[in-house]
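A.B. asks: If you use the working numbering, the sequence shown corresponds to residues 62 to 320, in order.
Take this structure first; my questions come after.
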Amino acid sequence: MSTKGDWQPDQYARFAAERRLPFDELAAMCTSADGGLVYDIGCGPGSLTAELLDTLGAGRVVGTDTSPAMLAKAHPLAHDRLTFEESDLREFTAAEPAAIVFSNAALQWVDSHADVLTRWHGQLAPGGQLAVQVPTNSTHPAYRLAREMGQELADWFPDGPPTLAPDTVGHPEEYSQILHNLGAVDQKVMLRVYPHVLDATSEVTEWIKGTALNSYRDALSDAQFEEFLTVYTQRLLAEVGDQSPYLFTFRRILMWARF
Ligand SMILES: C[S@@+](CC[C@H](N)C(=O)[O-])C[C@H]1O[C@@H](n2cnc3c(N)ncnc32)[C@H](O)[C@@H]1O
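This is how it looks when you write it as structure tokens:
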């Protein structure tokens with residue numbers, strides 16, 4: 062089955078335990094929604110979205126995403142207080158003012174973050190909260206090697222290599238300034254290193270195959286993508302060593318503000 066242009070939810074779910082850690086920590090930064098409406102932007106397969114009803118004290122939660130494959134996983138979880146909608150995060154419009162706009166690991170897929178955060182802020186009720194997590198691991202060999210290989214493979218990418226998702230992300234201080242400019246009365250912006258212990262170095266390929274390399278998969282033929290992954294893994298092992306277990310350090314920015 063062709064997977065061009067879409068996510069592979071099962072590949073993404075391989076590291077569900079590691080990926081949920083920032084989600085939980087972001088939720089813990091929020092105060093209760095007091096029965097209000099919560100949006101989960103870029104909700105993915107929806108299982109974590111469902112938990113926001115309880116963890117954020119929401120009356121209703123709406124998950125939004127653009128991926129048909131992710132939404133297909135999410136829709137069966139829906140009920141009267143939990144729904145899922147197809148919506149691009151750059152054009153997100155709340156049906157009614159929201160108590161919390163929450164987003165875990167989705168903003169990095171687009172650029173112009175100040176514009177997007179301004180739009181999300183515009184969907185909040187008075188006293189509302191914005192809670193956003195973005196990975197910022199561009200300098201890790203896992204991402205640097207992928208970027209370098211993209212640049213080397215000019216024949217494969219005549220229009221230039223696709224942007225890797227973490228490369229859109231700014232510095233924590235920039236997000237603090239954006240939140241301040243939007244009128245935050247309280248804010249927390251944190252840079253956190255998550256120590257993800259993987260079985261072996263080669264698992265990094267499986268990790269980024271489920272996220273950052275989606276754009277490479279879309280741009281390449283299946284055979285080219287397989288070759289890319291083989292060479293990428295060889296170079297990664299040569300650089301960081303074939304370790305078992307392997308500590309995959311993962312930098313993320315968590316930001317929260319109340320307005
Ligand atoms: C890394 S996953 C995170 C999923 C979920 N939030 C979680 O914590 O597991 C990123 C999600 O962002 C979605 N996404 C990417 N670009 C998007 C866009 N422009 N608008 C809405 N969702 C988008 C993808 O479809 C994917 O489901």
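Just so you know, even glycine gets a beta-carbon here, dropped at the ideal spot from N, CA and C.
Within the same chain, show all residues whose beta-carbon is closer than 6 angstroms to that of Thr116, passing over the 5 residues directly before and after it, in chain order.
C.D. replies: Once the five neighbours on either side are set aside, the close Cβ partners of Thr116 are Ala88.
A.B. asks: Look at the Cβ atom of Ala318, then the Cβ atom of Gln190, and state whether they are nearer than 8 angstroms.
C.D. replies: Yes, these two residues count as a Cβ contact at 8 angstroms.
A.B. asks: So Ala261 packs on Tyr307, CB below 8 angstroms; how close in whole Å?
C.D. replies: 6 angstroms between Cβ atoms; contact.
A.B. asks: Cutting at 7 angstroms between CB atoms, please list the residues of its own chain near Ala139, excluding the five before and the five after it.
C.D. replies: If we look at Ala139 and ignore the five residues flanking it on each side, its Cβ neighbours are Phe145.
A.B. asks: Looking only at its chain, what residues have a beta carbon closer than 7 angstroms to the beta carbon of Asn275, apart from the 5 residues adjacent to it on each side?
C.D. replies: Same-chain partners within the cutoff: Trp68.
A.B. asks: Considering only their Cβ atoms, is the gap separating Leu150 from Val171 smaller than 8 angstroms?
C.D. replies: Yes, they are a contact pair.
A.B. asks: Pop quiz: Gly97 and Ala155 are said to be a contact at Cβ under 8 angstroms. What is the actual Cβ separation, rounded to whole angstroms?
C.D. replies: Gly97 to Ala155, Cβ: 11 angstroms. No contact.
A.B. asks: Please work out which residues of its chain come closer than 6 angstroms, Cβ to Cβ, to Val254, disregarding the five sequence neighbours upstream and downstream, and give them in chain order.
C.D. replies: Excluding positions up to five away in sequence, the list reads Thr310, Arg312.
A.B. asks: Look up Asp382 in the DSSP assignment and say whether it is helix, strand or coil.
C.D. replies: The structure shown does not extend to residue 382, since the chain is modelled only from 62 through 320, so no value can be given for it.
A.B. asks: Using the DSSP secondary-structure output, state which residues sit across from Val230 in a beta bridge.
C.D. replies: Answer is none; Val230 lacks a bridge partner.
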